[in-house]
Each structure stands twice: as C-alpha cells, then as structure tokens.
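Chemist: Got a structure for you, written out below as structure tokens; questions coming shortly.
There are 2 protein chains.
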Amino acid sequence: MINDIQPLSDRKEEILLAARKRFSEKGYASASMRDLAKDLDIKAASLYSNFESKDDILWEIARRCARDFFVGIEPIFSDTSLSPETKLTHMLEAHIEVVLANQDASTIFFDEWKHLKEPRNEQYGNLQKQYAKRFQEVIRQGTEKGVFRAVEGRFVTTSLLSAINWIARWYRPTGRLTIEQIKEELLNLLMNGLRGERSKNN
Amino acid sequence: MINDIQPLSDRKEEILLAARKRFSEKGYASASMRDLAKDLDIKAASLYSNFESKDDILWEIARRCARDFFVGIEPIFSDTSLSPETKLTHMLEAHIEVVLANQDASTIFFDEWKHLKEPRNEQYGNLQKQYAKRFQEVIRQGTEKGVFRAVEGRFVTTSLLSAINWIARWYRPTGRLTIEQIKEELLNLLMNGLRGERSKNN
DNA sequence: GTCTATAGGAAGATAGAC
DNA sequence: GTCTATCTTCCTATAGAC
Numbered sequence: 015m016i017n018d019i020q021p022l023s024d025r026k027e028e029i030l031l032a033a034r035k036r037f038s039e040k041g042y043a044s045a046s047m048r049d050l051a052k053d054l055d056i057k058a059a060s061l062y063s064n065f066e067s068k069d070d071i072l073w074e075i076a077r078r079c080a081r082d083f084f085v086g087i088e089p090i091f092s093d094t095s096l097s098p099e100t101k102l103t104h105m106l107e108a109h110i111e112v113v114l115a116n117q118d119a120s121t122i123f124f125d126e127w128k129h130l131k132e133p134r135n136e137q138y139g140n141l142q143k144q145y146a147k148r149f150q151e152v153i154r155q156g157t158e159k160g161v162f163r164a165v166e167g168r169f170v171t172t173s174l175l176s177a178i179n180w181i182a183r184w185y186r187p188t189g190r191l192t193i194e195q196i197k198e199e200l201l202n203l204l205m206n207g208l209r210g211e212r213s214k215n216n
Numbered sequence: 015m016i017n018d019i020q021p022l023s024d025r026k027e028e029i030l031l032a033a034r035k036r037f038s039e040k041g042y043a044s045a046s047m048r049d050l051a052k053d054l055d056i057k058a059a060s061l062y063s064n065f066e067s068k069d070d071i072l073w074e075i076a077r078r079c080a081r082d083f084f085v086g087i088e089p090i091f092s093d094t095s096l097s098p099e100t101k102l103t104h105m106l107e108a109h110i111e112v113v114l115a116n117q118d119a120s121t122i123f124f125d126e127w128k129h130l131k132e133p134r135n136e137q138y139g140n141l142q143k144q145y146a147k148r149f150q151e152v153i154r155q156g157t158e159k160g161v162f163r164a165v166e167g168r169f170v171t172t173s174l175l176s177a178i179n180w181i182a183r184w185y186r187p188t189g190r191l192t193i194e195q196i197k198e199e200l201l202n203l204l205m206n207g208l209r210g211e212r213s214k215n216n
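Here the protein sequences come in this chain order: Z and A. Residue 44 in this note's numbering is what sits at position 30 of the first sequence, and the numbering runs on without skipping anything. Residue 98 in this note's numbering is what sits at position 84 of the second sequence, and the numbering runs on without skipping anything.
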C-alpha cells in the first residue's frame, strides 16, 4: 500500500501537488475538481485524463503522506542500539520535522483521509494505527526500564502525537518561532511529561 | 456573540441537536440539508421554516459550543484565591470534562467552525484565541512564580489544548478508559510537562 | 493531454398550498 | 411548520473532436 507507490508522470505529480494544497486548505469535500483545474490552468475534464476519480487523487496523496511519515521514523525505530528515551526523542523529532516540512500533506494524513471511500478508508485507518504503535512500543520499553512513568500506553501515545499534529494547522514559516524552537519546546514538554512523578494534581 | 444566545423553540433546538451530530460525524461540507432532514423525518424544505440557511444552523451550534467551553473555565479563571498551578489544573480538567461530555459540540468548536462564512468566521476565530489566552495567562503566572519552567506561552498553550482536543475524535463512553482515568493520565502528562527541568533531549 | 459539450444527479434555497 | 414542486447552481464524470 505504501510499498507499491509508483512514480507517476510529471504532469500527474503536478496535479497531486496542487490537489494536496487545495484539499488541505479548503477540505476535501469543499474543494471541487473545477477549483483544482483552475489552479492548474486547465479544464476540469482534463483531470480525468490523468486520474480516474477524485477519490483516486486523494488516495495517491494519502499514500504518499503516509510513506513520508513512516520513512521519517523507520531507521530510528529499527536502531537497536538506542535507549528507549533517546529513541523516542528522535522519533518525536522526526515526526515534528515531517509535519513542519509537509504541512499540506500532514493535514491529509491527520484529517482529510477520512473522506476516502471503502475499502481504502479502513486500510488507511489501520496504517495510522500501525504508525502510532511504533511510538507506543518505545514508550512501553521506557516504562519497563523505569525511565518513564507508568502510563496508559495507547492513550498517552495518542496525546503526544496530538500535541504535535496540531502544528500543521497553524505553523507558518514566517512566524515568530523557528523550527528549532518548536522542536525544543515540544520535546521538553512531552518528554518531561513522560518522565515526571505521578502526582495527584488536586 | 455568546452573551446574546437566545433560547429557541423546542423544534429549533431539536434541529440544532441533530445538525450537531451530523456535522460532527460527516463534516459540515459533506452533510447535506437533505441528510439532516431525513434524521428528523421531515423534508429539507421544512428546515427553512426554522432557519434561514445552513450557515445559520452552523452558527447557532458554534455559538453554543463556545459558550459551554467558556462557562466551564470562567469561574475557575476568575477565582483569585487559587495558585497558578491549581488554577491551571482545574481549568484543564474543566476543559477535558466539556470535551468528553460534548463530543459532537467539541468537533464543531475545534474543526467545523472553519466553514462559517465571513464575518462570522473571523469573529469566531477571535473567540477561540480569547479562550486560549485564558490558559496562557495562567501559565505565565506560574512561570513568573517559578512553579513552571520558562516556556513559550502561546505555543505551549496550544500544545496542551491540542493534546486534549484530539480526544473528541476517538473517545467512546464504552471504551476501556473511564473519564476519571483520562483526566488523570492527561493531567499527569501535561502538568509534568510544564514542571519538569529544561533538558537538551539529545 | 487538452478541449467543448453535456449527461445525470445532488446541492442550497424559494414559492405557495395546506 | 410541513408539504410538493421547482429553480438555479454546482458537482463528478463521460463522450468525442483535435
């Protein structure tokens, strides 16, 4: 599914790029094929020489997004020489980097994929779970080793990633925070969250 | 805007309830007036005896959601007897409770409001900023007092709320975690994140 | 691979009877 | 306040010429 992604013709890739932007900005349902065609200075009908349907376009975009995220963490996740703490830090860092470098794609990966029709929708949902599981596994190892608090793994994994994912909605490269600052603030927040004492908070 | 919300007729409130569910589940753009009418066992045209437009329905829903969130934190935020730490804990707790008790509404508050037409869209965006500022202010006080690390206030506020907001997407009351567990896990994670040491994470 | 033309349907919304 | 009927516009998608 992300292993059988074929390189497409230049034209097709151009269309995917424009569609990614449109779908991300207006939302898949609100972005029409006519909108998309206009961005590319062609007529809507011409899009159908390149892709069979709107769903096919979303699918190709979604697959590529997923691949980017997996490629980001895979070498770190597979590196058996790293401690859970270091590994998780680097994986989160990689995740942040992919989000920041591919904001439009991230919006598809987090939100717009829900518009995929079955059976693609279900397939994609499973892929997302797989991705989160990678983080959950490292957190589990860290807890076992005693460097992280005892946490509800699946829940906390989701929470960590959620805090990061929201960035895709508001980050603008022209803003006051640099990528490095964002990475530092987030990693401090999240890693301290895992390390701290269990307290009653009352 | 949230202070001039009028109680509507029973029928109108029924429509808002059904619409909140529909908009939340399928997304505003993908949920048609005909869909909504079918849920209520009436014809689409009848909806227009109650509301002037689809945008008006979204607006009434969105305003009510915003009010619920503000009502949740306002008494805590205004309580001058609380330390920043206690105040933030209780405000986050209130936020979590509102999210869990009003999942459909939360989805509107976090996502679907973007489909509001101008000038409502801008107005609503400002309201959201106001809400986040309440949290940011308390974090600033905590940092000043030395109980929280020095953090980039606006950014960290967004991150904390983001971690919580994602819950609205997946939480099901029938799941394995109780509301109390969710609150405890999240508060531990977030409050520890603010308290911990600044570290290099490398 | 792009065009014009158009099919076929679904969208938001309105008119007017009851 | 709900209905039937309908307007207008927009949608995804196809047919066939160039």
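Just so it is clear, CB atoms sit at the ideal spot from N, CA and C, and this is done for glycine as well.
Round the Cβ separation of A:Phe83 and A:Val112 to the nearest angstrom and send it over; I've been treating them as touching at under 8 Å.
Modeler: 5 Å between Cβ atoms; contact.
Chemist: Pull out every residue of the region 119-151 of chain A whose Cβ sits closer than 9 Å to any Cβ of chain Z, in chain order.
Modeler: The residues in question are Asp125, Lys128 and His129.
Chemist: Residues of chain A with a CB under 7 Å from the CB of Z:Gly207: which are they?
Modeler: Going along chain A in sequence order, the residues near Z:Gly207 (Cβ under 7 Å) are Leu203, Leu204, Asn206 and Gly207.
Chemist: If contact is defined by three or more beta carbon pairs under 8 Å, each pair taking one atom from either stretch, is the region 66-79 of chain A in contact with the region 123-133 of chain A?
Modeler: Cβ pair count under 8 Å is three or more, so yes.
Chemist: Any chance you could list the alpha helix (DSSP H) runs of at least 4 consecutive residues sitting entirely within the region 55-89 of chain Z, in chain order?
Modeler: Whole alpha helix (DSSP H) segments, 4+ residues: 58-64.
Chemist: Can you tell me whether Z:Thr171 is helix, strand or coil according to DSSP?
Modeler: Helix.
Chemist: At a Cβ cut of 8 Å, what residues of the region 43-69 of chain Z count as close to chain A, listed as they run along the chain?
Modeler: Hits within the stretch, in order: Ala43 and Ser44.
Chemist: For the region 151-208 of chain A, list the alpha helix (DSSP H) runs that are entirely contained and at least 4 residues long, ordered along the chain.
Modeler: 167-179 and 181-184, all fully within the region 151-208 of chain A.
Chemist: In this structure, how does DSSP classify Z:Glu211 when only helix, strand and coil are distinguished?
Modeler: Here Z:Glu211 sits in coil by DSSP.
Chemist: Given this structure, state the Cα-to-Cα distance separating A:Leu191 from A:Lys197, to the nearest angstrom.
Modeler: For A:Leu191 and A:Lys197, the distance between alpha carbons rounds to 10 Å.
Chemist: Taking the Cβ atom as the reference point for each residue, do Z:Glu199 and A:Val170 lie within a distance shorter than 8 Å?
Modeler: Cβ distance < 8 Å, so Z:Glu199 and A:Val170 count as in contact.
Chemist: What does the Cβ neighbour count give for A:Asn216, buried or exposed, with the cut at 16 atoms within 10 Å?
Modeler: A caution first: A:Asn216 carries a pLDDT of 49, below 50, which makes its placement in the model unreliable, though a value can still be read off. With fewer than 16 Cβ atoms within 10 Å of its Cβ, A:Asn216 is classed as exposed.
Chemist: Near A:Ala51, which residues of its chain fall below 7 Å by C-beta distance, leaving aside the five closest residues on each side in sequence?
Modeler: Closer than 7 Å at Cβ, skipping near neighbours: Lys57, Ala58, Ser60 and Leu61.
Chemist: Here's the rule: buried if 16 or more other CB atoms are within 10 angstroms of the residue's CB, otherwise exposed. What is A:Trp184?
Modeler: It is exposed - the Cβ of A:Trp184 has fewer than 16 other Cβ atoms within 10 Å.
Chemist: Count Cβ pairs between the region 155-170 of chain A and the region 146-159 of chain Z that sit closer than 8 Å; are there 3 or more?
Modeler: Short answer: they don't touch.
Chemist: Please go through the same chain and pick out, in chain order, the residues whose beta-carbon is closer than 7 Å to the beta-carbon of A:Ala217, but skip the five residues on each side of it.
Modeler: Missing from the structure shown is residue 217 of chain A; chain A here goes from 15 to 216 and no further.
Chemist: Let me know if A:Asn140 comes out buried or exposed under the rule of 16 or more other beta-carbons within 10 Å of its beta-carbon.
Modeler: Exposed: under 16 other Cβ atoms inside 10 Å.
Chemist: On the DSSP letters alone, give me the boundaries of the alpha helix (DSSP H) that Z:Leu102 sits inside.
Modeler: Element bounds for Z:Leu102: Pro98 to Ala115.
Chemist: Buried or exposed for A:Arg186, please, with buried defined as at least 16 other CB atoms from any protein chain shown within 10 angstroms of its CB.
Modeler: Exposed, because fewer than 16 other Cβ atoms sit within 10 Å of the Cβ of A:Arg186.
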